[in-house]
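*Asks:* Residue numbers (our numbering): 282 to 688.
Just dropping this structure here.
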Ligand SMILES: Cc1ncc(COP(=O)(O)O)c(C=O)c1O
């Protein structure tokens, strides 16, 4: 049988990072490539008790189909949880999703026609690019700065595009410890971005998986909270990085008409989020000591991050021309190598040396690619692996440079 794929699917190869991870089956490889939270932080006892209780007390409902928008008690728990982050919303503003990636998929399906424009940073989250590629999206994009989006640069391009007759559909940002760069948007820029969004009437999609994972410095208000639930921002959240990714639960927040549309789409694509998994999240939010949980997680990740930064400092003297970000939270940092290094070529060489990272080019939309960057996950490897892995990274960069000089 010759299957004729849809034209948009013919060249579609999925989430590019997923493809890279296929190379990592060798257990000797030290991987800085994944985006995994540490399994040492999963509250396994709490999850086990929540599962047992749900099945014991409510098996008929737990094993049944459940409401598309999500379980009422989880929605209420999320409302209370968000209050602690100065977000005041009602159930009409929330849809429970089957994780952050599903939340992104709903955004893409709800707003994008083929060739529609999205505004984003360079680099940006590869999973978002994959979700929006399903809708054949195009981009207005500018290099991210140390304090977040290049708003002035984006503003100019948006204005030009509107003059030409095309208004972008939304602005996609990850303001807190961005995946992949680790960069956080300043408060000033959050206000400016919101003003720009209002000026052009282009909504902001604020993706916030890492917000609770701040290790240093003051927490900065979310753009959603700055907008006071006035309908200019859609917030995407997931339990993946604060609880565990295996249960696949998240939530989208926004204006009621948008949330209603998301629910219609969810009904058509995955129907409902498993109640059992929602019960775990509700138990986590209402019965777990969240303060202690986040304290443990941030202390754990902070130690890893600073261990990593110290190893970089030690192995990469300034004359090597390698630069890296110094995030205040999240799970990633971003390395920029000298221009002559193509990090996809370097990746294949690195695999030989048993070290892996994500070549940065998968974090750029087509037409905007940069080839001398890489994303590093510091949260999953052990300290020993970090020490050894950074050394291997240095070796492979030196090897690449000397081979390049020979050719
Ligand atoms: C910025 C961003 N958005 C969304 C997601 C997807 O989250 P989930 O694992 O819940 O699908 C991730 C995961 O790495 C992410 O980094």
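Note that the Cβ used here is the ideal one computed from N, Cα and C, for glycine as well.
Have a look at 287, 612 and 483 and flag the residue whose alpha-carbon is nearest the alpha-carbon of residue 489.
*Replies:* The residue with the shortest Cα to Cα distance from residue 489 is 612.
*Asks:* Going by alpha carbons, who is nearest to residue 371 out of 494, 533 and 431?
*Replies:* Looking at the Cα atoms, 533 is the closest of the given residues.
*Asks:* Short of 8 Å in beta carbon distance, which residues of its chain neighbour residue 673, apart from the five on each side in sequence? Order them along the chain.
*Replies:* Result list for residue 673: 311, 631, 634, 635 and 636, in chain order.
*Asks:* Report the residue from 464, 626, 380 and 460 whose alpha carbon sits nearest the alpha carbon of residue 547.
*Replies:* It is 380 whose Cα lies nearest to the Cα of residue 547.
*Asks:* Considering only the alpha carbon of each residue, which of 592, 561, 461 and 664 lies closest to residue 335?
*Replies:* It is 561.
*Asks:* How close, in whole Å, do the beta carbons of residue 487 and residue 456 come, if the pair is a contact with beta carbons under 8 Å?
*Replies:* Between residue 456 and residue 487 the Cβ distance is about 6 Å, and since that is below 8 Å, they are a contact.
*Asks:* What I want to know is whether the C-beta of residue 403 ends up closer than 7 Å to one or more non-hydrogen atoms of ligand 1.
*Replies:* No.
*Asks:* By the three-class DSSP mapping on this structure, what secondary structure does residue 662 have?
*Replies:* Residue 662 falls in the coil class under three-state DSSP.
*Asks:* Work out the CA separation of residue 555 and residue 294 for me, nearest whole Å.
*Replies:* Distance between the alpha carbons of residue 294 and residue 555: 28 Å.
*Asks:* In the DSSP output, which residue or residues are listed as bridge partners for residue 451?
*Replies:* Bridge partners of residue 451: 399.
*Asks:* Decide if residue 497 is buried, meaning its Cβ has at least 16 other Cβ atoms within 10 Å, or exposed.
*Replies:* Exposed: under 16 other Cβ atoms inside 10 Å.
*Asks:* What separation, rounded to the nearest whole angstrom, lies between the Cα atoms of residue 388 and residue 375?
*Replies:* Looking at the two C-alpha atoms, the distance is approximately 14 Å.
*Asks:* Nearest to residue 515 by CA position, among 658, 602 and 535, is which residue?
*Replies:* With distances taken between Cα atoms, residue 515 lies closest to 535.
*Asks:* Mapping DSSP to helix, strand and coil, what is residue 683?
*Replies:* Here residue 683 sits in helix by DSSP.
*Asks:* If you run the structure through DSSP and keep just helix, strand and coil, what is residue 338?
*Replies:* DSSP places residue 338 in helix when its eight states are reduced to three.
*Asks:* Count the other CB atoms within 10 Å of the CB of residue 545; is the residue buried (16 or more) or exposed (fewer)?
*Replies:* Residue 545 is exposed by the Cβ-count criterion.
*Asks:* Rounded to whole angstroms, what's the CA-CA distance from residue 424 to residue 549? Just pull it up for me.
*Replies:* Approximately 36 Å, taken between the alpha carbons.
*Asks:* Given this structure, state the Cα-to-Cα distance separating residue 399 from residue 326, to the nearest angstrom.
*Replies:* Answer to the nearest angstrom: the Cα atoms are 42 Å apart.
*Asks:* Please state whether DSSP places residue 526 in a helix, a strand or coil.
*Replies:* Helix.
*Asks:* Can you list the alpha helix (DSSP H) stretches of 4 or more residues lying completely in the segment 325–377, in chain order?
*Replies:* Listed in chain order, they are 325–343 and 353–364.
*Asks:* Tell me, to the nearest whole angstrom, how far the beta carbon of residue 494 is from that of residue 412; I am working on the premise that it is less than 8 Å.
*Replies:* The Cβ separation is near 22 Å, so there is no contact.
*Asks:* Mind listing, in chain order, the continuous beta strand (DSSP E) runs of no fewer than 3 residues lying wholly within the segment 552–620?
*Replies:* List check, beta strand (DSSP E) in window: 613–617.
*Asks:* Cβ of residue 503 within 7 Å of any heavy atom in ligand 1?
*Replies:* Result no, Cβ not under 7 Å from ligand 1.
*Asks:* Where does residue 584 land, buried or exposed, given buried means 16+ other C-beta within 10 angstroms?
*Replies:* Looking at its Cβ environment, which holds fewer than 16 other Cβ atoms inside 10 Å, residue 584 is exposed.
*Asks:* Give the single residue among 509, 442, 378 and 682 whose Cα lies nearest to the Cα of residue 368.
*Replies:* Ranking 509, 442, 378 and 682 by Cα distance to residue 368 puts 509 first.
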